[in-house]
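As numbered in full-length UniProt numbering, residues 1 to 340 make up the sequence shown, in order.
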Amino acid sequence: MEVFVGSTVNQEPYNNVCDPVSSFSCFVSSSRQYQEITHLVDIPPANFKCNSEEWNRNDWILSRYWSPDDGVGGLGDLTSHQLTYGEVTPLGVRQLAYGMDISFANCNDGDEHDNDNDNNLIISLEKNKTADDDDEIIFYDLGSGVARLVTQIYIDQPDRVTKAIGIELAKYRHDIGIKALDGIIQEQLLYSNNNIKDGTLLQAPDYDNNNDDDTKSIFTTQFPIQLIHGDVIEMDLLDSTTHVYISSLCFPENVLLAVQDKLIRLPHIRVIAALNRLDLIYQQKEEWEERDVFVQMSWGAGRIYFSALIDIKTRRMAIKECTIEVLTKRFHGYDSILGR
Numbered sequence: 001m002e003v004f005v006g007s008t009v010n011q012e013p014y015n016n017v018c019d020p021v022s023s024f025s026c027f028v029s030s031s032r033q034y035q036e037i038t039h040l041v042d043i044p045p046a047n048f049k050c051n052s053e054e055w056n057r058n059d060w061i062l063s064r065y066w067s068p069d070d071g072v073g074g075l076g077d078l079t080s081h082q083l084t085y086g087e088v089t090p091l092g093v094r095q096l097a098y099g100m101d102i103s104f105a106n107c108n109d110g111d112e113h114d115n116d117n118d119n120n121l122i123i124s125l126e127k128n129k130t131a132d133d134d135d136e137i138i139f140y141d142l143g144s145g146v147a148r149l150v151t152q153i154y155i156d157q158p159d160r161v162t163k164a165i166g167i168e169l170a171k172y173r174h175d176i177g178i179k180a181l182d183g184i185i186q187e188q189l190l191y192s193n194n195n196i197k198d199g200t201l202l203q204a205p206d207y208d209n210n211n212d213d214d215t216k217s218i219f220t221t222q223f224p225i226q227l228i229h230g231d232v233i234e235m236d237l238l239d240s241t242t243h244v245y246i247s248s249l250c251f252p253e254n255v256l257l258a259v260q261d262k263l264i265r266l267p268h269i270r271v272i273a274a275l276n277r278l279d280l281i282y283q284q285k286e287e288w289e290e291r292d293v294f295v296q297m298s299w300g301a302g303r304i305y306f307s308a309l310i311d312i313k314t315r316r317m318a319i320k321e322c323t324i325e326v327l328t329k330r331f332h333g334y335d336s337i338l339g340r
């Protein structure tokens, strides 16, 4: 079985890249270099062969604009070292995207899974999609840190992801993400998700670097990547949201419960992934299918819990009926006030 670990880059301008951000092999070279065993979290998803060239380029972009120390400590953020346990590696992000059914299950543009593939060790959630589901993917990263993950989700799958949005409470980490993403855009390294085939580059949105209001969300709502500085509890997520990743290790229990309550009310939600078991969703086993998978993290293997909606169509109808019932009650309430 062919095993792909980290980034193997052989051509300009991506050669000689060995950065923990872009290649997990930099982390493990001293301890695993001479071992013959293959660790599960070092195995990429089944679709890596047809994406390796693009992923190598993206690894170079990530290593160019982020450093391994980003988001850990810093002036004016004395508690950040306590709030950041590590990052999902680029390979881990690809395992996450595959597990959440953001990337295609194989190299045949979304055809039936190749169950005989030896590398198909992370099961996709494609089976939970119905014929009525559209292909639009609206992705949120809640607790997005320095925005490395949310940026990679888009640049790895610009033909699949319509919008990728990160929400981060710590301004220090949010500002690092803004600076990195701004640099990527200004150098025209991103392609439009509407023009993948003709290679059209995304243009930088208009904003004022000196305007404090723009630091909350410097990229316009029309741009495919949006970074927001704020409290996820206070933020209204798009109704069209389909996929959500929660970097939840540092979320207090009450916050995590409030986030779950917010997410399960979204009419188009399909998959939720988190670093903790989502107890509120876990209690609704008749609606959600749960499983856990180890993905590659900067500290080693990290367990991620996936929750996939079993029957999206039925859920949408229930939400619609609930909304109609609420509006009807409000209407009758107004009738009584008006004395009808």
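Note that the Cβ used here is the ideal one computed from N, Cα and C, for glycine as well. Every value quoted in this text rests on a predicted model; they were computed, and no experiment measured them.
Pick from Q157, C50, T242, L278 that is closest to L190, judged by C-alpha positions: Q157
Opening and closing residue of the alpha helix (DSSP H) in which G99 lies: 90 to 99
Pairwise C-alpha distance: Y98 and L257: 26 Å
Selected residue, minimal CA-CA separation from D229, among A273, G92, I184, I165: According to the sequence shown, residue 229 is His rather than Asp. When each option's Cα is compared against that of H229, the closest is I165.
Inter-residue spacing [alpha-carbon to alpha-carbon] between N58 and R148: 11 Å
Simplified DSSP assignment, three categories, for K163: strand
Cβ-based neighbour list, D231, same chain, cut-off 7 Å, excluding 5 preceding and 5 following: L169
Member of I153, S103, Y172, L181 whose CA lies at the smallest distance from the CA of Y65: L181
Burial state of P252 (16 or more Cβ within 10 Å): exposed
Straight-line Cα distance separating G302 from Q226: 26 Å
Proximal residues to D116 (C-beta, below 6 Å), its chain only, five neighbours per side dropped: Low per-residue confidence applies at D116: pLDDT is 41, beneath 50, and the placement is therefore not dependable, though the value from the model is reported in the following sentence. The answer is none, since no qualifying residue turns up.
Reference A274, options D236, F306, Q186, closest by Cα: F306
Reference W299; option with closest CA among W60, W55, T89, P44: T89
Distance, W60 Cα to residue 341 Cα: Given a span of 1 to 340 for the chain in the structure shown, any question on residue 341 remains unanswerable.
Nonlocal neighbours in the same chain, by C-beta distance under 8 Å from M235, ignoring five residues either side: I167, I228
Bounding residues of the beta strand (DSSP E) (the contiguous stretch that carries L309): 300 to 309
Distance between beta carbons of S247 and G145, contact taken as under 8 Å: 7 Å
Counted within 10 angstroms of its Cβ, other Cβ atoms place V93 as buried (16 or more) or exposed: buried
Per-residue DSSP class, three states only, for A273: strand
Beta-carbon proximity list for G183, same chain, < 7 Å, skipping 5 on both sides: Y65
Closest residue to Y172 among D70, Y154, Y245, D292 (Cα-Cα distance): D70
Which residues DSSP lists as bridging V244, in chain order: Y140, I272
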